[in-house]
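Undergrad: Reading the sequence shown from the start, the letters are residues 112 to 495 in the working numbering. Backbone N, C-alpha and C fix where the C-beta goes; we use that ideal spot for every residue, glycine too. To start, I am sharing the structure in question, which I have written as structure tokens.
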Amino acid sequence: MPDQQNTPEKLQEFSQFVWQARGRGLSRRAFLRHGMRLGLSLPAIMAVLVGCGVEPAPRPISSWRPTTTPARQPSPQAVPSLPPPTQAGITAEAAPEVVPPTAAPPAPTPTGIAAEAAPTSAQARFAVIGDYGQAGPAAERVAALVKSWSPDFIVTTGDNNYPVGGADTIDANVGQYYHEFMAHAGSAYGPGAPKNRFFPVLGNHDADVAGVGPYFDYFTLPGNGRYYTVDWPPVRIYALNSVPWVEPDGVYPDSVQAAWLRRELEASPDTWNLVVFHHPPYSSHHAGETEWMRWPFREWGADAVISGHNHVYERVMRDGFPYMVNGLGGGARYAWGPIVEGSVVRYNADHGAMLVEATPERISFQFIVASTGEVIDTYVLPEA
112 MPDQQNTPEK
122 LQEFSQFVWQ
132 ARGRGLSRRA
142 FLRHGMRLGL
152 SLPAIMAVLV
162 GCGVEPAPRP
172 ISSWRPTTTP
182 ARQPSPQAVP
192 SLPPPTQAGI
202 TAEAAPEVVP
212 PTAAPPAPTP
222 TGIAAEAAPT
232 SAQARFAVIG
242 DYGQAGPAAE
252 RVAALVKSWS
262 PDFIVTTGDN
272 NYPVGGADTI
282 DANVGQYYHE
292 FMAHAGSAYG
302 PGAPKNRFFP
312 VLGNHDADVA
322 GVGPYFDYFT
332 LPGNGRYYTV
342 DWPPVRIYAL
352 NSVPWVEPDG
362 VYPDSVQAAW
372 LRRELEASPD
382 TWNLVVFHHP
392 PYSSHHAGET
402 EWMRWPFREW
412 GADAVISGHN
422 HVYERVMRDG
432 FPYMVNGLGG
442 GARYAWGPIV
452 EGSVVRYNAD
462 HGAMLVEATP
472 ERISFQFIVA
482 STGEVIDTYV
492 LPEA
């Protein structure tokens with residue numbers, strides 16, 4: 112049964128408050144008071160404070176991944192695995208809009224990350240879907256589009272299982288459409304894959320403070336499952352966790368998780384390095400942006416960032432670096448808010464997915480509409 116006290120909307124609002132107030136010298140009591148005014152439980156408040164770096168030490172919560180991880184093929188680039196320490200709030204749809212394109216120091220060891228095994232091919236063709244986890248006609252159309260591409264694998268930008276990540280909804284929301292890409296215990300909708308080719312990230316609707324057990328029980332993921340890498344030369348995917356209340360290693364730029372990402376990017380042997388997580392650092396969605404995920408990705412060696420959370424498609428260019436918001440995988444579409452600096456493509460008229468194709472010489476990103484096959488945006492690296 113969904114947690115009516117600690118809803119994703121309340122947790123999101125409190126996380127934004129904590130991050131914005133983090134540098135103002137507020138007392139612990141002030142943070143607690145604000146969380147309680149929102150109606151959050153004490154465990155929920157403390158989980159957010161840990162994730163945002165206000166509380167110095169992680170607390171044990173049942174939602175963290177257990178120490179055992181599924182068997183998988185080794186990768187030559189693998190980081191050794193270490194033991195790990197309502198549809199609510201959906202806004203009305205706006206009129207469709209299409210804007211055409213315009214031309215550290217060492218950190219504590221993170222809690223268990225490993226790279227998914229790499230294939231032998233030197234090219235990659237994969238799909239990215241976001242905020243797709245709501246069974247229905249839209250999710251079905253997006254899945255049909257994705258399967259028509261015959262992708263090597265699928266990456267998600269989170270919110271895999273509306274409304275709150277329950278065990279009773281996850282197979283209908285995910286397995287119904289993508290079971291043949293997943294190596295798991297089984298789906299009522301069909302057999303899984305001998306090798307996992309489905310790589311989600313956590314979204315706010317996948318996790319309330321009571322736990323994310325269904326997520327970890329259902330998916331087969333490298334390392335601790337909260338953040339990890341996937342090697343598919345010439346691409347390396349860095350799947351991060353941007354949900355503060357279920358990340359003991361933090362979601363801020365000087366966190367343990369961020370230090371791990373920096374080290375991994377600096378040591379990456381792959382040509383293209385893509386960072387994927389749920390909350391967008393920059394977005395023209397009416398609810399705004401997520402400041403705690405504004406890490407120095409380009410300086411650390413990333414080539415692009417792909418996020419979700421906002422049910423739109425948008426490409427934002429900041430100093431020549433692409434931030435793509437891909438949240439039209441099946442959930443109700445969102446309205447636009449103030450247009451942010453650097454927004455060059457915006458679309459919210461229909462659902463769709465992203466096709467990414469990479470060789471050692473180039474990588475292309477296309478956002479494609481599920482119902483018509485229309486290509487809304489094409490972005491290529493290196494830029495001409």
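Here's the rule: buried if 16 or more other CB atoms are within 10 angstroms of the residue's CB, otherwise exposed. What is R426?
TA: As a first step, residue 426 is located in the sequence shown; it is residue number 315 there, counting from the start. Flag for R426 reads buried.
Undergrad: Output the boundary residues of the beta strand (DSSP E) element that contains I450.
TA: The residue you call residue 450 lines up with position 339 of the sequence shown. Careful: I450 lies outside any beta strand (DSSP E) and carries neither H nor E.
Undergrad: Quick one: grab the DSSP three-state call for V129.
TA: For this step, residue 129 is matched to residue 18 along the sequence shown. Looking at V129 - three-state DSSP - the assignment turns out to be helix.
Undergrad: Between G244 and N284, which are expected to be in contact by the criterion C-beta below 8 Å, what is the C-beta distance as a whole number of angstroms?
TA: Locating residue 244 in the sequence shown gives position 133, counting from the first residue. Locating residue 284 in the sequence shown gives position 173, counting from the first residue. Yes, G244 and N284 are in contact; Cβ-Cβ is about 4 Å, under 8 Å.
Undergrad: According to the neighbour-count rule (16 or more other Cβ atoms, all chains shown, within 10 Å of its Cβ), is P407 buried or exposed?
TA: Numbered from its first residue, the sequence shown carries residue 407 at position 296. By the neighbour-count rule (16 or more Cβ atoms within 10 Å), P407 is not buried but exposed.
Undergrad: Under a Cβ-count criterion, where at least 16 other Cβ atoms within 10 Å of its own Cβ denotes burial, should I265 be classed as buried or exposed?
TA: Reading the sequence shown from its first residue, position 154 is the one you call residue 265. When all chains shown are included, I265 counts as buried.
Undergrad: Looking at the structure shown, is H396 part of a helix, part of a strand, or coil, going by DSSP?
TA: Along the sequence shown, one-based indexing puts residue 396 at 285. Strand.
Undergrad: By how many angstroms is the C-alpha of A238 removed from the C-alpha of W260?
TA: Residue mapping note: residue 260 aligns to position 149 of the sequence shown, counting from 1. Residue mapping note: residue 238 aligns to position 127 of the sequence shown, counting from 1. Going by the C-alpha atoms only, they are around 8 Å apart.
Undergrad: Could you please give the first and the last residue of the uninterrupted alpha helix (DSSP H) stretch that includes P433?
TA: Taking the first residue of the sequence shown as 1, we reach residue 433 at position 322. Counting along the chain, P433 falls outside any alpha helix (DSSP H), though it belongs to the beta strand (DSSP E) covering 432-437.
Undergrad: Does the Cβ of E452 have 16 or more other Cβ atoms within 10 Å, making it buried, or fewer, making it exposed?
TA: Residue numbering aside, residue 452 sits at position 341 when the sequence shown is read from its first letter. E452 comes out exposed.
Undergrad: What's the call for R176, buried or exposed, on a 16-neighbour Cβ count within 10 Å?
TA: Position 65 of the sequence shown, counted from the start, is the residue given in the question as residue 176. Note that R176 scores 45 on pLDDT, short of 50, meaning its location in the model is unreliable; the coordinates nonetheless yield the value given after this. Buried, because 16 or more other Cβ atoms sit within 10 Å of the Cβ of R176.
Undergrad: Which ranges does the alpha helix (DSSP H) cover as unbroken runs of at least 4 residues, wholly within the segment 326-387, from first to last along the chain?
TA: Complete alpha helix (DSSP H) runs here, min 4: 367-377.
Undergrad: Among I474, L385, P449, which residue has its Cα nearest to the Cα of Y434?
TA: Taking the first residue of the sequence shown as 1, we reach residue 434 at position 323. Checking every option, the nearest Cα to that of Y434 belongs to L385.
Undergrad: Can you confirm whether the segment 342-351 touches the segment 376-383 when touching is taken to mean that 3 or more C-beta pairs between the two stretches lie within less than 8 Å?
TA: Output reads yes: the segment 342-351 touches the segment 376-383.
Undergrad: Using DSSP with H/G/I as helix, E/B as strand and the rest coil, what is Y490?
TA: The sequence position of residue 490 within the sequence shown is 379, counting from 1. In this structure, Y490 counts as strand in the three-state DSSP scheme.
Undergrad: By DSSP's criteria, S298 is part of a beta bridge. Which residues make up the other side?
TA: Locating residue 298 in the sequence shown gives position 187, counting from the first residue. Looking at the DSSP assignment, S298 forms a beta bridge with G301.
Undergrad: Does DSSP put V427 in a helix, a strand or coil?
TA: For the purposes of this step, residue 427 is taken as residue 316 along the sequence shown, with counting starting at 1. Strand, per DSSP.
Undergrad: Which residues in the same chain have their Cβ closer than 7 Å to the Cβ of V253, if we skip the five residues on either side of it in sequence?
TA: Within the sequence shown, numbered from 1, the residue matching residue 253 stands at position 142. Answer for V253: I240, Y243, G440, G441, H462, G463, A464, A481, listed in chain order.
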